[in-house]
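Student: Following this message is one structure expressed as structure tokens.
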Ligand code: V55
Ligand code: FE
């Protein structure tokens, strides 16, 4: 054979919904100085919006993959004096480095070590692709199946995997830590702590200097995906839905998670002062899975849990164990109420946002107490048609704002062929009243194959953006982001 004719193997992405069209991997790292700005960036906005995404560096080893398994790519928009600069950079995970060196995928299916090539069987498979944590002056990229990766907030270069200076015992750490706006503490957890499927959960209290002041363990009812949780002033709560891990199936190369509709859902509450010694369990009156949480708060002896809940599993990503034809059901905003002043195991459930939604956010200054304002991603067929299905199902066409005092939902409709992502609330000033500020969201402009960051008046979404920061290119759709005010970046920023 002519030695100049090389057979190309492996560097072609599959013809599959996860890898084509608007979902196709972007893979471009770089910096755009001074984004085009339509309208005016409010001068009070000084700081950075930063979020994580999953952007496959290589075609999947086994020809197919779920979007959750892409490599962590972080997008940061730094806003200063009415100007905005964009930085996009991959997290240098061990997986990223090894595959880059090999110029191909070596790791296989999502969290399934039996599908990896033998040469990487002892290497960390963490993609660090889900969310961003900012605490004790440090920036981290998080994925629930691995440890945090610390990033440099100046240029998003990777400082390395972190166990918080030897304090994190688990090999994993949640992508949804909670921040106490009064004490400055971070309350977090880990599941699958040894790096394999198990029922143990570790709960952490991290003070504002980054010291772990408490690490405790308890057992979940079964091994399931524990993606998010809830924290109020005095309590921590976990909702367990039966998206379970069946190790025999994992060994056979099947998905890490399956929805087992024959099992039941569970709720436990742990007092923040006593810890797991004071754990109590409640009877969930239906089959339910929490997707993401708004907030938890207390009203006298009652604990109130505000969250999005679906009654199906996350079937677009992980199959139903009994019924291959089962349909995924959309999440609605649910308020679960338990009475902590009695021995009652009852949960009262109300659909408090009677509208399909996901990616819930509140004004973070009001976390752990009652809030009036709730924002989320959603669709509204009255405002514009649904968009074609993507790898996560139907894309959002709108952002919603539920004002519980008026009972009204106001919508931002992003326009034809446009899909907003998870919003984030930024207050106008440190002491502005709840909800007085801006809502930031990436918007996918599908027809133009581009992305924008829009800035909306959070209490008047239907008025449309006060500013649109136009990216000259598309960035991959992402998951979770945060805003870091300039004054918090402090000395670490130059
Ligand atoms: C989620 C996302 C993940 C994951 C598990 O949003 C759950 C839910 C981006 O990765 O690994
Ligand atoms: Fe999440």
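Residue numbers (the working numbering): 0 to 493.
All C-beta atoms, glycine included, are put in the ideal place defined by N, C-alpha and C.
Nearer than 7 Å: is that true of the beta carbon of residue 287 relative to any heavy atom of the ligand FE?
Tutor: The sequence position of residue 287 within the chain shown is 288, counting from 1. Answer for residue 287: no, Cβ out of range of the ligand FE.
Student: CB of residue 128 to nearest heavy atom of the ligand V55: below 7 Å?
Tutor: One-based indexing of the chain shown puts residue 128 at position 129. At least one heavy atom of the ligand V55 is nearer than 7 Å to the Cβ of residue 128, so yes.
Student: Between 366, 48, 325, which lies nearest to residue 228 when the distance is taken from Cα to Cα?
Tutor: By one-based count along the chain shown, residue 228 stands at place 229. It is 366.
Student: Check whether the Cβ atoms of residue 346 and residue 254 sit closer than 8 Å, and answer yes or no.
Tutor: If you number the chain shown from 1, residue 346 lands on position 347. If you number the chain shown from 1, residue 254 lands on position 255. No, the Cβ-Cβ distance between residue 346 and residue 254 is not below 8 Å.
Student: Who are the near neighbours of residue 404 in its chain, counting only those whose CB is closer than 8 Å to its CB and skipping five residues on each side?
Tutor: Your numbering for residue 404 matches position 405 in the chain shown. Closer than 8 Å at Cβ, skipping near neighbours: 371.
Student: Taking 7 Å as the limit between beta carbons, can you name the residues of its chain near residue 489, skipping five residues before and five after?
Tutor: For the purposes of this step, residue 489 is taken as residue 490 along the chain shown, with counting starting at 1. So the qualifying residues of the chain are 136.
Student: Kindly indicate which three-state DSSP category residue 313 falls into: helix, strand or coil?
Tutor: Against the chain shown, residue 313 aligns to sequence position 314. Reduced to three states, the DSSP call for residue 313 is coil.
Student: Any chance you could list the beta strand (DSSP E) runs of at least 3 consecutive residues sitting entirely within the stretch 393-430, in chain order?
Tutor: The qualifying runs are 397-402, 407-412, 417-419, 423-426.
Student: By DSSP, does residue 119 sit in helix, in strand, or in coil?
Tutor: In the chain shown, residue 119 corresponds to position 120, counting from 1. Three-state DSSP puts residue 119 in a helix.
Student: Between residue 187 and the ligand FE, is there a pair consisting of the residue's CB and a ligand heavy atom that are separated by less than 7 Å?
Tutor: The count along the chain shown starts at 1 and reaches residue 187 at position 188. No - the ligand FE has no heavy atom lying nearer than 7 Å to the Cβ of residue 187.
Student: Would you decide whether residue 129 is buried or exposed? Buried here means 16 or more other CB atoms lie within 10 Å of its CB.
Tutor: As a first step, residue 129 must be located in the chain shown, where it is residue number 130. By the 10 Å Cβ count, residue 129 comes out buried.
Student: Between residue 234 and residue 295, how many whole angstroms is the CB-CB distance? I'm expecting something under 8 Å.
Tutor: As a working mapping, residue 234 is identified with position 235 in the chain shown. As a working mapping, residue 295 is identified with position 296 in the chain shown. Their Cβ separation, rounded to whole angstroms, is 7 Å, which keeps residue 234 and residue 295 in contact under 8 Å.
Student: Exposed or buried, residue 2, counting other C-beta atoms within 10 Å across all chains shown (16 or more means buried)?
Tutor: Residue 2 sits at position 3 when you count from the first residue of the chain shown. With a pLDDT of only 49 at residue 2, under the threshold of 50, the placement of this residue in the model should not be trusted; the figure read from the coordinates follows. Classification for residue 2: exposed.
Student: If you drop the 5 nearest sequence neighbours on each side, which residues of the same chain put their C-beta closer than 8 Å to that of residue 7?
Tutor: Indexing the chain shown from 1 puts residue 7 at position 8. Because the pLDDT of residue 7 is 46, which lies under 50, any placement of that residue in the model is unreliable, and the question is left without a value.
Student: CB of residue 144 to nearest heavy atom of the ligand V55: below 7 Å?
Tutor: Start at 1 with the first residue of the chain shown, and residue 144 comes out as number 145. Residue 144: yes, Cβ under 7 Å from the ligand V55.
Student: Check whether the Cβ of residue 229 lies closer than 7 Å to any heavy atom of the ligand V55, and answer yes or no.
Tutor: For the purposes of this step, residue 229 is taken as the residue at position 230 of the chain shown. Residue 229 Cβ: outside cutoff for every heavy atom of the ligand V55.
Student: Is the distance from the Cβ of residue 131 to the Cβ of residue 68 below 8 Å?
Tutor: For this step, residue 131 is matched to residue 132 along the chain shown. For this step, residue 68 is matched to residue 69 along the chain shown. Not a contact, by the Cβ cut-off of 8 Å.
Student: Assuming residue 66 and residue 17 form a contact by the criterion Cβ under 8 Å, report the distance between their Cβ atoms to the nearest whole angstrom.
Tutor: Position 67 of the chain shown, counted from the start, is the residue given in the question as residue 66. Position 18 of the chain shown, counted from the start, is the residue given in the question as residue 17. With a Cβ gap of about 5 Å, residue 66 and residue 17 count as contacting.
Student: Sorry if obvious, but does the Cβ on residue 67 come closer than 7 Å to a heavy atom of the ligand NAP?
Tutor: The ligand content of the structure shown is limited to the ligand V55 and the ligand FE, which means the ligand NAP is not among them.
Student: If you follow the alpha helix (DSSP H) that residue 100 is in, where does it begin and where does it stop?
Tutor: The residue given as residue 100 occupies position 101 in the chain shown. Start and end: 93-101.
Student: Rounding to the nearest angstrom, what Cα-Cα distance links residue 412 and residue 465 in this structure?
Tutor: Start at 1 with the first residue of the chain shown, and residue 412 comes out as number 413. Start at 1 with the first residue of the chain shown, and residue 465 comes out as number 466. Using only the alpha carbons, I get a separation of about 14 Å.
Student: Rounded to whole angstroms, what is the Cα-Cα separation between residue 114 and residue 73?
Tutor: Numbered from its first residue, the chain shown carries residue 114 at position 115. Numbered from its first residue, the chain shown carries residue 73 at position 74. Going from the Cα of residue 114 to the Cα of residue 73 covers about 26 Å.
Student: How would you label residue 202, buried or exposed, when you count the other beta carbons within 10 angstroms and need 16 or more for buried?
Tutor: Stepping through the chain shown from its first residue, residue 202 is reached at position 203. The residue is buried, with at least 16 neighbouring Cβ atoms inside 10 Å.
Student: So is the beta-carbon of residue 174 under 7 Å away from any non-hydrogen atom of the ligand FE?
Tutor: One-based indexing of the chain shown puts residue 174 at position 175. Flag set: Cβ of residue 174 near the ligand FE.
Student: Helix, strand or coil for residue 461, going by three-state DSSP, please let me know.
Tutor: Looking up residue 461 in the chain shown gives position 462. Helix.
Student: Please indicate yes or no: does the CB of residue 478 lie closer than 7 Å to some heavy atom of the ligand V55?
Tutor: Residue numbering aside, residue 478 sits at position 479 when the chain shown is read from its first letter. Yes - the ligand V55 has a heavy atom lying nearer than 7 Å to the Cβ of residue 478.
Student: Only counting the same chain, and skipping five residues up and downstream in sequence, which positions put a Cβ closer than 7 Å to that of residue 265?
Tutor: Position 266 of the chain shown, counting from 1, holds the residue named residue 265. Once the five neighbours on either side are set aside, the close Cβ partners of residue 265 are 220, 239, 280, 283.
Student: How would you label residue 0, buried or exposed, when you count the other beta carbons within 10 angstroms and need 16 or more for buried?
Tutor: As a working mapping, residue 0 is identified with position 1 in the chain shown. Confidence at residue 0 is low in this model, with a pLDDT of 42, below 50, so the placement of that residue should be treated as unreliable; the coordinate-derived value is given next. Exposed, since its Cβ has fewer than 16 Cβ neighbours within 10 Å.
Student: For the structure I just gave you, are there three or more beta carbon pairs, one from the stretch 471-482 and one from the stretch 13-29, closer than 8 Å?
Tutor: Short answer: they touch.
Student: Could you check where the beta strand (DSSP E) with residue 85 kicks off and where it finishes?
Tutor: Locating residue 85 in the chain shown gives position 86, where the first residue counts as 1. Start and end: 82-89.
Student: Can you say whether residue 293 is buried or exposed, counting buried as having 16 or more other CB atoms within 10 angstroms of its CB?
Tutor: Within the chain shown, the letter at position 294 stands for residue 293. With 16 or more other Cβ atoms within 10 Å, it is buried.
Student: Just checking residue 475 against the ligand FE - is the residue's beta carbon closer than 7 Å to any of the ligand's heavy atoms?
Tutor: In the chain shown, the residue the question calls residue 475 occupies position 476. Incorrect: residue 475 has no Cβ contact closer than 7 Å to the ligand FE.
Student: Return the chain-ordered list of same chain residues with a C-beta closer than 8 Å to the C-beta of residue 525, the five sequence neighbours on each side being excluded.
Tutor: Since the displayed the chain opens at 0 and closes at 493, residue 525 lies outside it and no answer follows.
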